[in-house]
Structures are given as structure tokens and as C-alpha cells.
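Structure first, then comments.
Chains as they are written, first to last, in the numbering used here: chain Y, 236 to 692; chain Z, 236 to 692.
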């Protein structure tokens with residue numbers, strides 16, 4: 236491993252130059268105008284993997300943008316790590332807010348500024364360079380390695396789950412390694428061991444069969460907006476608990492250890508509130524904002540509409556009111572379970588003046604990985620080696636659907652070892668990635684492969 | 236009066252032909268492309284008034300579409316009636332739903348079908364023909380008559396109140412007579428003695444200063460849609476009473492006599508529910524739907540919006556949620572009073588996580604006219620003469636802003652003697668007016684002028 240670390244150190248500038256070349260390819264997966272560029276980014280990566288000596292490299296078709304698959308086999312006595320990442324990027328709009336062209340990487344104040352620098356080319360490339368450091372320094376990889384770098388993450392990963400399903404044997408591994416998340420704070424290493432799931436529904440109430448005049452009918456006919464507001468209000472009690480029957484049945488309560496770990500995090504509440512732009516926090520009674528946003532389930536209205544929404548006054552008593560409502564779930568809540576409970580709740584509480592249309596839009600499972608698992612401890616060892624301190628194990632509030640797919644289809648846990656920061660402006664103008672973090676990530680990847688091999692030995 | 240009635244009877248067909256001529260002029264006040272036509276409709280009416288021998292007829296400028304003003308003076312010993320109506324019409328869209336061209340009147344099944352036939356050319360013309368019946372049958376008018384027929388009712392009557400304000404002496408009268416409302420039911424004569432007022436506001440809650448990701452922040456930040464829903468829900472209690480402090484302070488309770496009168500109305504609840512397209516009614520506890528829609532104040536959300544309202548699922552925790560909320564008022568509630576009380580309510584109840592923006596959009600006073608007043612009794616006599624039965628005195632749920640203006644600026648009560656029906660499709664394709672009602676309206680107008688002169692004598 237030390238040779239690999241030395242190689243990485245001596246090739247630091249070369250690695251940045253190579254990343255810059257890759258970032259120059261505008262692989263905007265959502266825009267068909269960039270289809271050729273997106274494929275070019277896949278080919279560029281495959282070429283780099285071949286150049287560094289990976290045994291098997293293939294650009295595999297999916298029906299959409301291709302998946303770059305790579306494999307380097309050492310021996311049956313070694314564990315197998317599957318690295319996942321993506322080479323496609325968000326559209327750069329609005330272009331006029333960029334201080335330099337999004338696909339002409341610029342290095343400024345230690346950051347590389349370009350679309351995709353943090354999300355996810357820069358982070359996926361760390362693992363490619365980690366492999367290069369082993370292979371090109373004449374060191375064998377300590378593990379069997381597989382890589383699956385997709386090109387549709389920013390456009391919904393529509394072909395990914397079928398690809399995994401159709402290539403179970405090819406993708407068989409012991410653990411998945413992903414760098415597409417963030418450090419808890421600058422200089423504060425962290426590994427995410429929990430993700431939330433999602434149950435997303437749309438609820439429409441219809442009162443009168445057509446829009447009515449509020450003067451003529453108001454006072455005799457129930458208004459669907461008022462009725463929907465009441466139904467939404469009733470979804471929480473005064474403790475901000477969700478009132479849907481059985482909602483908490485399968486919630487794994489935070490353990491004492493977990494709550495201690497939350498407390499130990501260097502969390503700056505004031506800064507967090509300023510970033511969110513709020514005057515006060517609001518969580519379930521008995522839980523902090525940090526626990527509420529990652530360790531507990533939620534119910535939020537993501538959108539609502541009904542009646543007249545233009546300028547001025549129109550005295551309509553509308554026929555319909557509609558809301559998009561989603562719940563963030565924690566293990567072991569399931570999206571189907573919670574959607575069914577929401578549906579029953581709405582069906583039972585809809586007033587007799589209203590007709591309910593309840594639509595299931597979308598769902599995904601949360602995930603929790605045992606922090607004592609060998610791969611998690613290996614990741615912790617790797618980050619300790621890089622940062623000189625043991626990382627925090629954290630739970631994240633969002634969902635990463637592919638993590639649930641890995642679990643469901645391949646039976647694999649995922650190690651989320653991300654090096655992003657909230658200030659990286661991913662999905663925004665002037666996306667950036669700190670070069671210090673890029674190099675830390677390469678070192679962490681080198682150390683992880685070594686530590687994981689030892690853990691599993 | 237009998238000569239006038241005989242004249243009206245013998246000229247029934249001529250009157251319909253004349254109305255048809257007027258209906259052919261597309262006086263769509265809201266569309267500048269029809270400005271010349273709208274003026275042509277005013278000139279046409281003025282010419283007809285001159286032709287029938289009205290002493291003074293003038294097309295008066297307003298800054299918008301002109302007002303047709305007419306005056307016929309009999310003597311200081313006679314009371315003065317001011318007739319109000321409008322010669323402008325709604326746009327005819329959607330054109331493809333008309334079975335005949337909207338400005339080519341067709342007579343079918345006893346109805347005249349054309350845009351403006353009921354609203355309000357047909358009804359305003361009844362009074363013109365009533366005057367003609369007196370003057371052309373060689374009978375003096377029993378009262379002094381003034382007419383003010385405006386051309387902007389369908390585009391907000393923006394120049395009307397200033398016109399009344401600037402012409403107080405010209406418009407001085409004893410009572411206002413308007414036919415722009417409906418009969419209670421086909422063949423059931425009625426006079427509206429009550430109208431509701433309106434207080435219309437817009438309420439916006441801002442939570443986070445920008446849209447947030449519901450995965451990252453959900454559970455630690457209050458959602459403005461959820462908060463607004465709760466505030467809206469809390470505006471009514473379980474009896475559907477409005478909870479705003481002092482809301483009912485100035486409500487004139489329905490008297491026992493009024494509630495008896497409601498009961499006496501030939502009201503078909505099933506038919507009413509079918510027309511509204513509702514499965515069940517919803518009124519303030521202790522009141523019927525009919526009372527609730529006309530004799531009691533209300534609070535309805537006329538529009539609501541916030542967050543993501545497009546197709547599919549977007550996991551936004553929005554910055555803002557906004558609702559348009561209006562109250563129908565009953566005498567003696569005032570729009571300023573109720574708006575102030577609503578404002579105080581929202582200010583007192585807004586959670587500490589939210590910033591409130593409360594905007595006053597619009598307001599208007601309700602009205603109640605003493606049914607024992609001479610003009611009301613004269614109208615009742617007139618309708619009894621036409622229909623052979625005493626009319627019902629009813630309260631209407633909507634607002635007619637000009638009625639409040641007449642009261643406020645000129646100190647005059649308004650007699651609402653309308654001949655429309657809900658089935659007339661005003662503001663919709665295939666607007667129609669029953670010729671039977673057109674002729675009944677002319678007769679009622681003739682009889683009213685006579686009866687009112689006698690009442691005041």
C-alpha cells in the first residue's frame with residue numbers, strides 16, 4: 236500500500252490534469268443534444284481504465300446511456316469490492332451565473348471549478364486513480380475489484396436497476412463502495428450508515444362537480460381547499476407526531492448509542508439555520524433538528540394547488556384541491572406499507588362531502604448498515620489514516636435509490652464514503668470540488684482497499 | 236296603466252325584434268377590439284330612448300365605455316325612480332360550444348338565445364319598453380324616471396362609482412330599480428332584499444428563505460404548506476363556526492320571521508345539490524344550506540398554491556405557501572372590520588417558524604332593505620299582478636357592488652326585481668332568456684311604476 240500511496244502523491248498534478256480532461260466533456264445525460272458527448276465521456280473513462288492496466292473494461296449498452304464496467308481479479312481468497320459512481324452531469328443552466336465556462340475547468344483557491352467536478356466525476360475518479368496507484372506502482376490490488384460507472388444518474392437512472400437485475404453474476408461482490416455524498420463538515424470525516432426512504436403520494440379532493448360561485452354556494456357547500464387543509468393539518472398532532480395509524484410501527488428507534496453519536500457531532504445549529512434560512516427549527520417532540528432530519532420519519536406537503544391562483548380576487552368555490560405529500564421513511568418502514576397506511580388514513584377521514592382520489596407516485600426504501608461490519612470498519616480505518624481522527628458515523632436524511640437496489644437485488648450493503656461539501660454547489664452554477672478532498676479521497680480509497688482486505692482476511 | 240299594459244301586449248313581437256337588433260351588436264366591454272361595437276350598443280339604446288319620447292337622453296363619457304343616461308320628468312309631487320342596468324356583455328368564448336352564433340339571436344322553445352339576452356340587455360330593455368308602453372300609449376309616466384345603463388359591468392364597473400360620485404345631483408332619486416338577478420325558481424316570483432358583502436384577502440407564509448430539499452431538511456424545518464393548512468383548518472371549529480375573534484359581533488341574526496320565510500320557499504334541496512354537483516351539504520351548525528348561502532357569513536379559500544405543482548414527484552420543502560381567502564359578509568359586518576379581524580387573527584396565530592404577509596385585496600358591503608319600504612311593497616304588488624301570487628322576499632348570497640355604492644354615495648335603497656333563471660347560462664355558451672319572462676318583466680315594470688307612485692302618494 237505504501238508504494239501506491241507514494242505513487243498517488245507523486246502523480247497528484249497528473250491526476251488533476253486527467254480529471255480536467257474528463258470534465259471538459261459535457262456529458263449532460265438529460266439533454267439528447269449531448270448524447271454523443273455523454274458516450275464520449277464513457278469511452279474516455281474506459282480508455283483510462285484500460286491504460287492503467289485494469290484486466291477487463293467494457294462499455295456496456297443499456298438502452299440509454301452506457302455503463303462503464305471494469306473488473307480486476309486477484310484471487311478467490313480475496314473479497315470483492317464493487318465501486319459505483321456516475322460519469323454524467325447536471326445541465327449547467329443558468330449559464331450566466333457561472334464565473335467561468337462550466338466545461339472549461341479552472342483551478343482557483345484550491346478548488347477545481349467545473350460542472351461534474353464534485354458530482355460525481357471528481358469523486359468517481361478518486362477510485363480510478365486509487366486503482367492506478369496500485370497497478371502502476373507494481374502492487375497487486377489487495378481485493379478483487381469491480382466498477383460500475385453509470386451515465387444516467389442525473390436523469391433518473393432509469394436503466395440501472397434492470398441492468399443490475401440482468402447482470403447479477405457479473406456484479407456479485409461482497410460490498411459496494413460509493414463516493415457521491417458529503418463530509419459532515421469541512422475537515423470532519425464521516426461515513427453515512429443510514430439513509431431515509433420515501434413514500435410519495437398525491438391526494439385530490441373533489442367537492443362540487445364544477446367550480447361554483449362562492450357567493451351563491453358559499454355557506455352551503457363544503458370547500459375542497461378548506462377540507463384538504465383540515466385533512467393535512469390533522470396529519471400531525473401537537474407534538475408534531477404523525478397521526479396516521481400504524482405509521483411508527485416499523486420505525487427502528489434511535490439507540491442510546493446513536494443518540495450519543497448525534498450529540499458528539501460538531502453540529503453548528505446557528506449555521507445550519509442560516510443555511511436553511513429559517514428563524515426557528517421544528518422537529519418531532521423529543522428530537523433535535525439533526526435527529527429529526529435523518530433519524531426520524533417525516534410527512535411534508537411538497538406541493539398544493541386549487542382554485543384561483545392568478546392575480547387579484549376571483550370568488551370561486553373550487554371543485555378540486557390537490558396536494559403532493561411525501562414521507563421520509565426510516566428503517567424498517569417500507570414505502571408500500573406507508574403508502575397503504577396513508578391511503579387508509581385518507582379514505583377513513585375524507586368527509587362525506589368530498590370524493591377522494593389517492594395516487595401513489597413514487598417510493599423507495601431507506602437503508603441502515605451495521606457500523607461494525609468489516610467494510611464499515613475498514614472505511615473508518617481508511618478515513619482515520621487520512622484525517623488523523625476516527626470518522627463519525629452519520630445518518631443522512633435523503634434517499635439514494637441505488638443503495639436500496641444493491642441491497643434488494645444483490646444483497647449488498649453500501650459504504651457511503653463521500654468527500655463533497657454543501658458548499659460545492661452541485662446542481663448549481665460554479666460547481667467545485669476541493670483538490671485537497673480529491674487527493675484525500677484517492678488516499679482514502681487506497682487505504683480502504685487495503686484495510687478491507689485485512690478485515691476480511 | 237291599462238293602456239300601457241295593452242300597448243305592451245300588442246307590441247310584444249316588435250319588442251322582441253328590437254331586442255334582437257340590440258343583441259346583434261357585440262358589446263364585449265372587456266375586449267378593446269370591440270370598443271366601437273360597445274359604443275354602437277350605447278348609441279343604439281340612446282336612439283331607442285329618444286324615439287320613444289324620453290325627454291332627455293345622453294351618452295355620457297366616463298373615461299371608459301360610456302353610460303347611457305336618460306331622464307323623464309313629470310312633477311315634483313312624484314317620486315323618482317332610478318333604473319340601473321348594463322348594455323355590455325361577456326365574451327362569448329368558447330365559441331365552438333354555441334349551437335348558433337352568439338350575436339345572431341335565435342328564438343327556440345320560447346327562449347331568445349344570444350349573448351346578453353339575460354345578462355343584461357334583455358332585462359334592462361324591459362324597463363325601456365315599459366317606459367315606451369306608457370309614453371307611446373299616450374299615458375304619462377306615474378313617476379319621474381331616470382335611467383343609468385352602463386357599459387362596463389362585465390369588466391369591473393371601474394368608472395361607475397366615480398361617475399355616481401361626480402353626478403350626485405343628476406342621479407338624485409327615491410329608489411333604485413335593478414333587473415339583473417334571478418327569480419327564485421321558474422314561475423316563483425321573488426324580490427331580493429338582502430345581499431352579502433365581501434372581504435377578500437391573500438395570506439402568504441414564508442418559512443425557509445428558499446426552497447429546500449425535503450430529504451435534507453424535512454423533520455427539522457417547518458413546512459409552510461403544512462403550517463398554512465393548519466392555520467386554514469383552525470379558521471373553523473367543529474360546528475363550522477368561524478373562529479376569528481369578534482367575527483360575528485356585527486352579524487344581524489336572522490329573525491324568526493326571516494327563518495319562517497326561508498322555510499316557506501319552494502326550495503328543492505335535491506335539485507339544488509344536483510345543480511351544485513355535491514353529495515352532501517355543509518353549513519354552519521343550526522342553519523340550513525339556504526340560510527347558510529345567503530343569511531350567514533362564510534369563510535372560503537378561493538385559491539391555494541405552494542411548492543411543486545407539476546407532474547410527478549419533486550421532493551421540495553418549499554419556501555412559501557399562499558392562499559386567497561374570502562369571507563361573505565352579512566349586514567352589519569363591514570369589509571374593513573372583518574379584514575382587520577382576519578389580519579389580527581393571522582398575526583396572532585402565525586407560528587414562530589413563519590413570516591406572515593397579509594394582503595387586503597378587495598372588499599364590499601352587504602345590504603339589507605326593509606321589506607316594508609314603499610318601493611319593496613310596490614314591487615311585491617307589481618309581481619303579484621303579473622304572477623297572481625305574492626312574491627317571496629329572499630336574501631341572495633352574492634354581492635352586487637353597485638347596490639352598496641348606491642347606498643353609500645346616493646343614500647338609496649335598491650329594489651332587485653330580476654327575471655333571470657339559473658338555467659339561462661349567463662357567462663356561458665348558449666345564453667338565453669325566456670320570452671315569457673321578458674314580457675312578464677315589462678309588465679312588472681309597468682305595474683311597479685304605477686304601484687310605487689301610489690305607495691308614495
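Here a beta-carbon is modelled for each residue, glycine too, at the ideal position from N, C-alpha and C.
Closer than 9 Å by beta-carbon distance: list the chain Y residues that pair up with residue 520/Z, in chain order.
The premise fails here: residue 520/Z is roughly 12 Å from chain Y at the closest Cβ pair, so nothing lies under 9 Å.
Can you give the Cα-Cα distance for residue 320/Z and residue 385/Z, rounded to whole angstroms?
6 Å
Apply the 10 Å Cβ neighbour rule to residue 397/Z and answer buried if 16 or more other Cβ atoms are within range, or exposed otherwise.
exposed
Any Cβ of chain Z within less than 7 Å of the Cβ of residue 465/Y?
Interface residue, yes.
Please name the residues in the segment 569-597 of chain Z whose beta-carbon is closer than 7 Å to at least one beta-carbon of chain Y, in chain order.
587, 588, 596, 597
Should residue 649/Z be flagged as near chain Y, meaning a C-beta pair shorter than 7 Å?
no
Rank 532/Z, 239/Z, 657/Z by C-alpha distance to the C-alpha of residue 375/Z and give the top, closest one.
The candidate whose alpha carbon is nearest that of residue 375/Z is 239/Z.
Taking Cβ positions, are residue 258/Y and residue 431/Y nearer each other than 7 Å?
Not in contact: residue 258/Y and residue 431/Y (Cβ atoms no closer than 7 Å).
Are residue 463/Y and residue 556/Y touching if we call contact CB-CB under 7 Å?
yes
Give a yes or no on whether the minimum CB-CB distance between residue 543/Y and chain Z is below 7 Å.
So, interface residue.
Taking 7 Å as the threshold (beta carbon to beta carbon), is residue 443/Z in contact with chain Y?
yes
Would you mind listing the beta strand (DSSP E) stretches within the segment 374-442 of chain Z that are 3+ residues and don't spill past its ends, in chain order?
379-385, 410-413, 425-430, 432-441
Listed from N- to C-terminal order along the chain, which residues in the segment 528-539 of chain Z have their beta-carbon within a distance smaller than 9 Å of any beta-carbon of chain Y?
528, 529, 530, 531, 532, 533, 534, 535, 536, 537, 538, 539
Per the DSSP calculation, residue 594/Y is bridged to which residue(s)?
437/Y
List, in order along the chain, the chain A residues whose C-beta lies closer than 9 Å to that of residue 525/Y?
Going by chain labels, chain A is absent from the structure shown, which instead holds the protein chains Y and Z.
What does DSSP give as the partner residue(s) for residue 655/Y in the beta ladder?
417/Y
Please state the DSSP three-state secondary structure of residue 540/Z.
Three-state DSSP puts residue 540/Z in a strand.
Under 7 Å, Cβ to Cβ, is there at least one residue of chain Y near residue 460/Z?
yes
Keeping to the same chain, check which residues put their C-beta closer than 6 Å to that of residue 362/Z; ignore five residues upstream and five downstream.
318, 680
In chain order, which continuous runs of the beta strand (DSSP E) of length 3 or greater are located wholly inside the segment 487-516 of chain Z?
none
In its own chain, which residues sit with a C-beta less than 6 Å from the C-beta of residue 518/Y, not counting the 5 before and 5 after it?
524, 527
At 7 Å on the CB atoms, spell out the chain Y contacts of residue 618/Z, in chain order.
In chain order: nothing, as chain Y lies at least about 22 Å away.
What does residue 412/Y reach in chain Z if we use C-beta pairs closer than 8 Å?
Result: empty, since nearest Cβ-Cβ is about 22 Å, beyond 8 Å.
Beta-carbon of residue 435/Y versus every beta-carbon of chain Z: anything under 7 Å?
Yes, because at least one Cβ of chain Z sits closer than 7 Å to the Cβ of residue 435/Y.
Only counting the same chain, and skipping five residues up and downstream in sequence, which positions put a Cβ closer than 6 Å to that of residue 370/Z?
287, 288
So what's residue 295/Y in DSSP terms, helix, strand or just coil?
strand
Taking contact to mean at least 3 C-beta pairs separated by less than 8 Å, is the segment 399-408 of chain Z in contact with the segment 528-536 of chain Z?
Cβ pair count under 8 Å is below three, so no.
Kindly list, in the order they appear in chain Y, the residues whose Cβ is closer than 7 Å to that of residue 513/Z.
442, 443, 456, 588
Ignore the nearest five residues each way along the sequence and tell me which others in residue 615/Z's own chain have a CB closer than 7 Å to its CB.
426, 625, 626
May I have the straight-line CA-CA distance separating residue 423/Z from residue 656/Z, to the nearest angstrom?
Rounded to the nearest whole angstrom, the CA to CA distance from residue 423/Z to residue 656/Z is 10 Å.
In chain Z, which residues lie with their C-beta within 8 Å of the C-beta of residue 476/Y?
Against chain Z, the beta carbon of residue 476/Y has no neighbour under 8 Å; the closest one sits roughly 12 Å away.
Kindly list, in the order they appear in chain Y, the residues whose Cβ is closer than 7 Å to that of residue 549/Z.
537
Specify, as a first and last residue, the run of the alpha helix (DSSP H) that residue 527/Y falls within.
524-527
Along the chain, where does the beta strand (DSSP E) that runs through residue 776/Y open and close?
Because chain Y in this structure spans residues 236 to 692, residue 776/Y falls outside the shown range and cannot be described.
In whole angstroms, give me the CA-to-CA distance for residue 485/Z and residue 478/Z.
15 Å
Would you mind telling me which residues of chain Z sit closer than 9 Å to residue 516/Y, beta carbon to beta carbon, in chain order?
455, 456, 457, 588
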